[in-house]
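Taking my numbering, the leading residue of the sequence shown gets 3, the next gets one more, and so forth. In this text, a Cβ means the ideal position worked out from N, Cα and C, and glycines have one as well. Owing to the predicted nature of the structure, the values given are computational and were not obtained by experimental measurement.
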Amino acid sequence: MTLPAVRTRTGLALREVTLTYPDGESRLTALDRVTLEVAPGEFTAVAGPSGSGKSSLLAVAATLLRPDSGQVLLDGQDAGALGEGARTALRRERLGIVFQQSNLLASLTAVEQLLVLESVRGGRPKAARERAERLLASVGLDGAKQRRRPHQLSGGERQRVNIARALFGSPSVLLVDEPTSALDHERGAQIVDLLAEVTRTHRTATVMVTHDRDLLGRADRVLEMQDGRLR
Ligand code: ADP
Ligand code: MG
3 MTLPAVRTRT GLALREVTLT YPDGESRLTA LDRVTLEVAP GEFTAVAGPS
53 GSGKSSLLAV AATLLRPDSG QVLLDGQDAG ALGEGARTAL RRERLGIVFQ
103 QSNLLASLTA VEQLLVLESV RGGRPKAARE RAERLLASVG LDGAKQRRRP
153 HQLSGGERQR VNIARALFGS PSVLLVDEPT SALDHERGAQ IVDLLAEVTR
203 THRTATVMVT HDRDLLGRAD RVLEMQDGRL R
C-alpha cells in the first residue's frame with residue numbers, strides 16, 4: 003500500500019494510522035486509518051465524544067503507543083523507524099505534552115516543576131531558572147505564584163504551569179488532552195486562548211483534543227473524531 007504524500011517536513015504528520023487494543027477474543031479499533039498533518043504555528047482542535055479515540059490519537063502522536071500500522075512523523079522523522087532510545091530522545095527534543103491528568107509534583111513549586119526537567123537534561127542551572135521564570139510569566143504567573151506549590155494554585159493556574167512545562171524544552175509539536183475538563187467556561191476559554199497564543203509565539207504544531215464544543219472557535223482548524231475515524 004502506498005501512503006499519502008506528506009506536505010510538511012516539519013511539525014507533526016500521521017499517515018494512515020491504525021491502533022487496536024486487545025478486547026476479549028478480538029480487538030477494538032481505537033484509531034482507524036487516521037491521517038493528519040499539523041504545520042508549525044498551526045492550532046488544530048480535535049473534537050469528539052468520549053471513547054471516540056482522542057486520547058489514543060495523542061498517545062500515538064506522542065510516540066508513547068506504537069500503532070498497528072501507519073506512520074508518525076515528527077519534523078519529518080519517522081518515529082516507528084527508530085529504536086527505543088532514539089525514540090525517547092526524539093520525544094524529549096521535539097514534543098511538549100499536556101496530559102489530561104495533571105501530573106505536577108506536589109512537593110515542588112511552579113518554577114521547580116520546569117527545572118526538574120532541566121536537571122535531567124544537564125543544562126546550566128542559572129540560565130535555566132531565568133528561562134523558567136520568563137516562561138511562567140509569559141503564561142500569566144507572576145513571581146509570587148511561581149514559588150507556590152500545586153495545592154496553592156487554582157485549577158487554571160495549574161494548567162498554566164502544565165503548559166509552561168510542556169514548552170520548556172522548546173518543542174516543535176505540542177499535544178494537549180482535554181485542557182479545560184476541570185475548569186469553568188470562562189477559565190477554560192482563557193486556557194484555550196493561551197494555547198492559541200503560545201502556538202503563534204513558539205511556532206508549535208499544536209493539537210488539542212476536547213469534547214467541549216464551545217471552545218472550538220479559537221482553533222485554526224477543527225477536525226471531528228468519531229469511532230476512531232478523523233474527518
Ligand atoms: P477518548 O479520549 O476520545 O475518550 P480513548 O482514546 O481514550 O477515547 O478510547 C478510545 C477507545 O479505546 C474506547 O473504546 C476505549 O474504551 C478504548 N481504550 C482506550 N484505552 C484502552 C486500553 N488501554 N485498553 C483497551 N481499550 C482501550
Ligand atoms: Mg480521552
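For residue i and residue j, what's the separation of their Cα atoms in angstroms?
i	j	result
residue 58	residue 92	19 Å
residue 68	residue 21	8 Å
residue 149	residue 233	43 Å
residue 167	residue 23	30 Å
residue 191	residue 27	43 Å
residue 225	residue 119	32 Å
residue 1	residue 177	As displayed, the chain neither begins before 3 nor continues past 233, which places residue 1 out of reach and without an answer.
residue 44	residue 126	31 Å
residue 11	residue 174	12 Å
residue 223	residue 85	33 Å
residue 197	residue 46	10 Å
residue 171	residue 96	8 Å
residue 100	residue 208	11 Å
residue 145	residue 137	11 Å
residue 89	residue 218	32 Å
residue 199	residue 25	40 Å
residue 102	residue 210	11 Å
For the candidate residues the options, whose alpha-carbon lies nearest to that of residue i?
i	options	result
residue 189	144, 229, 161	161
residue 98	216, 76, 213	76
residue 82	65, 94, 96, 95	65
residue 193	89, 159, 219, 126	159
residue 228	73, 55, 209	55
residue 216	34, 49, 42, 25	49
residue 72	33, 200, 207, 94	33
residue 213	155, 51, 165, 169	51
residue 155	117, 110, 195	110
residue 78	163, 152, 42	42
residue 163	114, 185, 63	114
residue 205	195, 169, 30	169
Around the ligand ADP, Cβ to any heavy atom closer than 5 Å, ordered along the chain: 23, 32, 52, 53, 54, 55, 56, 57, 58
Would you call the segment 127-134 and the segment 180-187 in contact, with 3 or more CB pairs under 8 Å? no
The segment 13-20 touching the segment 32-41, judged by at least three CB pairs closer than 8 Å: yes
Would you call the segment 103-110 and the segment 135-142 touching, i.e. three or more CB-CB distances under 8 Å? no
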